Amino acid sequence: MSVTATILLLISAFTHAGWNFISKKEHPTQAFYLVANTIGVICVLPILCFYWNVIPLIPRSVWIIVVMSGFFLAAYLQALAGAYRTGDISIAYPMARALPVIFVFFFTLILGKGQMLGIWFVLGAILIVGGCIILPIQAFGDFNVSNYKSLCCFFAVLAAVGTAGYTVADDIALRYLREIPGRPFNPVEGTLVYMVLEGISCSLWQSVFVMFSSREQQRMTDVLQSYKRPAAMTGIGIYLSYGLVL
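At position 150 of the sequence shown (counting the first as 1) the number is 149 in numbering that gives the first Met the number 0, and the numbers step up by one without a gap.
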C-alpha cells in the first residue's frame with residue numbers, strides 16, 4: 000500500500016470515529032441519523048448528474064440489492080443510536096465495527112461465496128473477537144456472561160449484523176455493476192454511483208422507521224430545532240470517510 004493510500008485511510012478512520020463521537024455526544028437517535036444521512040446524500044447527489052445517461056443500464060438485480068442494502072444501513076444506524084443511548088461509546092463503537100468481520104465471514108459462507116482463509120485472517124479475527132469480549136469488563140478476573148447482558152451490547156450486536164448485511168449486499172451489487180455489458184462504469188465510478196443510490200435508499204427506509212414511531216417523530220422535531228449543525232457535520236463525515244476509502 001502506498002504512503003498516500005495509507006494517509007487517506009488514516010484520515011478516513013479518524014473522520015469515521017469523529018462523526019460517531021459527534022452523534023453519540025449530541026443526539027443519538029434514528030431521527031438524527033435521518034437528517035444527517037439526508038444532508039450527506041444531498042452533498043453527493045450531483046455525482047449522479049455525470050452518469051445520468053447510463054443509470055438506466057443498471058440491471059434490476061442491482062436495484063433490488065440497493066433496496067436491501069439501504070434497509071440494512073438504516074437498521075445499522077437505528078441499532079447504533081440505541082447502543083449510544085444506552086452505553087458508552089468506548090464499548091459500543093468497537094463492538095459495532097469489529098464484530099462485522101466475523102458476521103461477514105459467516106454470511107459469505109452461507110451464500111457460498113467464502114474463500115480459503117489465510118493464517119493472518121484467522122489471527123486477526125481472533126484478536127478482534129477477543130477485544131470485543133474483554134471491552135465490557137473491568138479486569139480479566141471479572142469475566143462473566145452478565146457483563147454482556149446490557150442493552151448497549153445488544154444494540155451493538157444488532158448494529159454489527161446490519162453492517163455485515165449491507166457489506167455483503169454491497170459486494171454483490173458492485174460485482175454486478177462491473178459485469179454490465181459495455182462496462183459503462185469503471186470500478187470507482189460504479190462504487191460512487193452505488194454509494195449515492197444506497198444513501199437514498201437508506202434515507203427512505205429511515206423515513207419509514209421515523210414515520211411509524213411517535214417517539215422518533217418527536218425526536219425529529221428536536222433535531223430540526225436544536226441539532227441541525229451536528230447532524231450536518233455527521234452526514235458530511237459519513238460520506239467523506241466513505242469517499243476517502245474509495
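Think of the CB as a built atom: it goes at the ideal place given N, C-alpha and C, for glycine as much as any other residue.
Note that the coordinates shown come from a computational prediction; the quantities given were computed from them, not determined experimentally.
Inset, instruction - Give the straight-line distance between the Cα atoms of I262 and S213, rounded to the nearest whole angstrom. - result: Absent from the structure is residue 262, since the part of the chain shown begins at 0 and ends at 245.
Legend entry - Spatial distance of Y92 from A155 (CA atoms): 8 Å
Inset, instruction - Count the other C-beta atoms from every protein chain shown that fall within 10 angstroms of the C-beta of F106, then say buried if there are 16 or more, exposed otherwise. - result: buried
Inset, instruction - Going by CA-CA distance only, name the one from V2, C151, Q224 that's closest to R84. - result: C151
Legend entry - Short CB-CB distance (under 8 Å) between A78 and chain B: This model lacks chain B altogether, as it is built from one protein chain only.
Inset, instruction - Compare the beta carbon distance of Y32 and A80 with 8 Å and say whether it is the shorter of the two. - result: yes
Inset, instruction - Determine the burial state of F211: buried for a count of at least 16 other Cβ atoms within 10 Å of its Cβ, exposed for fewer. - result: exposed
Inset, instruction - For V98, name the three-state secondary structure that DSSP assigns. - result: Checking the displayed sequence, the identity of residue 98 turns out to be Leu instead of Val. Three-state DSSP puts L98 in coil, outside helix and strand.
Inset, instruction - Kindly list the residues whose CB is nearer than 6 Å to the CB of N19, restricted to its own chain and excluding five residues on each side of it in sequence; keep chain order. - result: Y92
Inset, instruction - Let me know if V207 comes out buried or exposed under the rule of 16 or more other beta-carbons within 10 Å of its beta-carbon. - result: exposed
Legend entry - Close Cβ partners of I88 (< 6 Å) along its chain, the five nearest in sequence each way excluded: K23
Inset, instruction - Could you tell me whether the region 191 to 207 touches the region 68 to 77, where touching means 3 or more Cβ pairs closer than 8 Å? - result: yes
Legend entry - Test item: CB-CB of F258 and V195 under 8 Å: Since the displayed the chain opens at 0 and closes at 245, residue 258 lies outside it and no answer follows.
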